[in-house]
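What follows is a single structure, written as structure tokens, with notes after it.
In our numbering, the protein residues as written are 52 to 281.
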């Protein structure tokens, strides 16, 4: 019975927890514990995004699941993908945002949307957002992402990223592989690309501290310190 309450499906960027919508949450936690314990070796020590389907969970309930993941496995939860938020494919972004390799105007999404972009941005492509954005891919050299919120790159950041472009200094830029051409947060610009450690492939976060942009390693509880999805 417990094995039927929770189904964990993997994808390229993380895990989806498909939960029985009628079951008691404590029963779901028990079923999740069983699944995580059984699959610990399979899951490995990856940094993952997670999503929840079938059952709507409160923030507290989501944090309970995340805590269980950290306690029972070697995985590190990087961000939560809300199933209510639209996941945008490269094709739909091309249609909605007028993403081009030229200099045509780029459409701005409305503030109330939280957008995920699936796919790599290549040289000459630009994406401007009125909210936070999660890039499920890379930002290549010559590509630009501008956001009024936070920018999370579940891949390599090798291009230009400007978070908090409306002057929000509390924004941050996160990438699994941080090698940007330039980072801006609010009105602060990273002084030199030489400061980024080219050889590192660990997840890092860029944020403002003492009037400058600081790059630091991702800690296990990063989701408590930054509103990653804005």
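In this text, a Cβ means the ideal position worked out from N, Cα and C, and glycines have one as well.
Looking at the DSSP output, residue 224 bridges to 202, 257. Around the Cβ of residue 196, a 10 Å sphere holds 16 or more other Cβ atoms; the residue is buried.
With a contact defined as Cβ atoms closer than 8 angstroms, residue 83 and residue 119 qualify at about 6 angstroms. In this structure, the straight-line span from the alpha carbon of residue 85 to that of residue 113 is close to 17 angstroms. If you draw a straight line from the Cα of residue 128 to the Cα of residue 219, it is about 25 angstroms long. In the DSSP secondary-structure assignment, residue 267 is bridged to 256.
Shown here, residue 126 sits in coil according to DSSP, grouped into three states, outside any helix or strand. In the structure shown, the three-state DSSP call for residue 232 is coil. Residue environment: residue 109 is assigned as exposed (fewer than 16 neighbouring CB atoms within 10 Å of its CB, all protein chains considered). Between residue 72 and residue 117, the alpha-carbon positions lie close to 19 angstroms from each other. Pairing residue 57 with residue 90, the inter-Cα distance amounts to about 13 angstroms. Cβ-Cβ distances below 6 angstroms link residue 106 to 70, 72 in the same chain, with the five nearest sequence neighbours on each side left out; the list follows chain order.
Taking every protein chain shown into account, the CB of residue 99 has 16 or more other CB atoms within 10 angstroms, so this residue is buried. If the five residues before and after residue 265 are omitted, its C-beta is found closer than 8 angstroms to the C-beta atoms of 257, 258, 259, all from its own chain and listed in chain order. Contact check for residue 209 against residue 182 fails: the beta carbons are separated by 8 angstroms or more.
For residue 87, same chain residues with a beta-carbon under 6 angstroms away, outside a window of 5 residues either side, are 123, 124 in chain order.
For the 8 angstroms CB-CB criterion, residue 240 and residue 224 do not form a contact. Under the DSSP assignment, residue 98 falls in the beta strand (DSSP E) whose first and last residues are 98-104.
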